[in-house]
Structures are given as C-alpha cells and as structure tokens.
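Student: Residue numbers for the sequence shown follow UniProt numbering, so the first one is 1 and each next one is one higher. Beta carbons: idealized from backbone N, C-alpha and C, even for Gly. I'd like to ask you about the structure that follows.
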Amino acid sequence: LAALPFVASKGCFTESAEVTMSDGTRKQLKDVHVGDRVASYDEATGTTAVSEVMGVPTFFRRTSELVSLSLPSAIVHATEDHPIWSRSQRHLVSFHPNGTRQEYDLEARLMAVGEELEDERQAPVKVLAAERLAGGPSSLQEAAAPQQARSLR
Numbered sequence: 001l002a003a004l005p006f007v008a009s010k011g012c013f014t015e016s017a018e019v020t021m022s023d024g025t026r027k028q029l030k031d032v033h034v035g036d037r038v039a040s041y042d043e044a045t046g047t048t049a050v051s052e053v054m055g056v057p058t059f060f061r062r063t064s065e066l067v068s069l070s071l072p073s074a075i076v077h078a079t080e081d082h083p084i085w086s087r088s089q090r091h092l093v094s095f096h097p098n099g100t101r102q103e104y105d106l107e108a109r110l111m112a113v114g115e116e117l118e119d120e121r122q123a124p125v126k127v128l129a130a131e132r133l134a135g136g137p138s139s140l141q142e143a144a145a146p147q148q149a150r151s152l153r
C-alpha cells in the first residue's frame, strides 16, 4: 500500500485485520498509526520492503461489503474490488476487476478459488474458498459480472 497512498482511507479491510509490522509482529489494523513501520511490497524490485505508514483508514467496511478468502492458515476479509497479487497469474486480481479499475485505477484480472497468492514472505498461498459475507449477490461470480459492477464507496 505504500505505493498507493491515495487508497489509505478507502477502508478495504475490517478493523480487526492483521498487519505485519517491520519486525515481523502483527497488529490489528485499528492499532496501526501514522509513522509505524510495516512490511510491504516493492513493485520495482519484486521483493518485500519496509514502509512507513503515511495514513490510516478513516472508516471501515460493513460486513455486507466484504468477501471472505479462506487461506490455509488464515481467513482474510476484504472488499471485492481490493487488488491482490496473484502468483499464478503474475498479475493483480480481485473479485470485481471493474471496481478495481474504478476505485484504484489499476487493471486486475478475475480472482478464482484455487488462485495462488503470496504471503508476506513471498511463499505460495492458495485460496481454498471464497464467499461474500452477509448481503449482496449470492455468489462472487455474480458480483464480478460487468452488469453488476458498482462502486462500494
């Protein structure tokens, strides 16, 4: 997110989402402050890096605006348009590529169950399951359809 300072207040995650700090410890997002140092990703070098927090979310999403990604060692809740690096596609992915383009001005491909992502150590992590939390279209494929595209702001 260091390379994307303009998304700092979008609120793509819940306040209980864990953030990996520069020393490897984890904090809930609600406990991260401007000036903290976090583990991040340097797109230019393709490696992990340390970044200083420049801004924090000013609001968080309601459950109905989130998808739940089941990974082998964690469950991640994020907005359907949040861009995530796909190791298998070697490209950004989301469950709502049109929304990703609209909200972030980034091109993303459609994410699917079985997608291979990367963890903070750049080790492969598979998406075991994905579902929309309470409310919204019943399936993520339905949510990703162009005629369903909408802004979550």
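In whole angstroms, what separates the C-alpha of Val-7 from that of Asp-81?
Tutor: At Val-7 the pLDDT is 43, less than 50, meaning the model places this residue with poor confidence and gives no usable figure here.
Student: Could you give the distance in angstroms between the alpha-carbon of Ala-2 and the alpha-carbon of Arg-90?
Tutor: In this predicted model, Ala-2 has a pLDDT of only 34, less than 50, meaning its place in the structure is not dependable; the value taken from the coordinates is given anyway. Cα-Cα distance, rounded: 20 Å.
Student: Quick one: complete alpha helix (DSSP H) runs, 4+ long, within the stretch 75–116?
Tutor: Counting whole runs of 4 or more residues, the stretch 75–116 contains the alpha helix (DSSP H) stretches 97–104.
Student: Between the Cα of Glu-116 and those of Thr-25, Leu-69 and Arg-37, spot the shortest distance and give me the residue it belongs to.
Tutor: Minimum Cα distance to Glu-116 is reached at Leu-69.
Student: State buried or exposed for Glu-103, treating a residue as buried only when at least 16 other CB atoms are found within 10 Å of its CB.
Tutor: Buried, since its Cβ has 16 or more Cβ neighbours within 10 Å.
Student: Report the partner residues of Thr-47 according to the DSSP bridge assignment.
Tutor: Answer by DSSP bridge pairing, in chain order: Asp-42.
Student: Within a Cβ cutoff of 7 Å, which residues of the same chain sit near Ser-88, ignoring the five residues on either side of it in sequence?
Tutor: The answer, listed in chain order, is Glu-115 and Glu-116.
Student: Suppose you measure from the CA of Ser-16 to the CA of Ile-75; what does that come to, to the nearest Å?
Tutor: Between Ser-16 and Ile-75, the C-alpha separation is close to 12 Å.
Student: Work out the CA separation of Asp-36 and Gly-46 for me, nearest whole Å.
Tutor: When rounded, the distance between both Cα atoms is 22 Å.
Student: Between the Cα of Thr-20 and the Cα atoms of Cys-12, Asp-31 and Ala-130, which residue gives the shortest distance?
Tutor: It is Asp-31 whose Cα lies nearest to the Cα of Thr-20.
Student: Compute the beta-carbon to beta-carbon distance between Leu-71 and Val-127, rounded to the nearest angstrom, for a pair I have assumed lies under 8 Å.
Tutor: Sure, about 7 Å apart at Cβ, within 8 Å.
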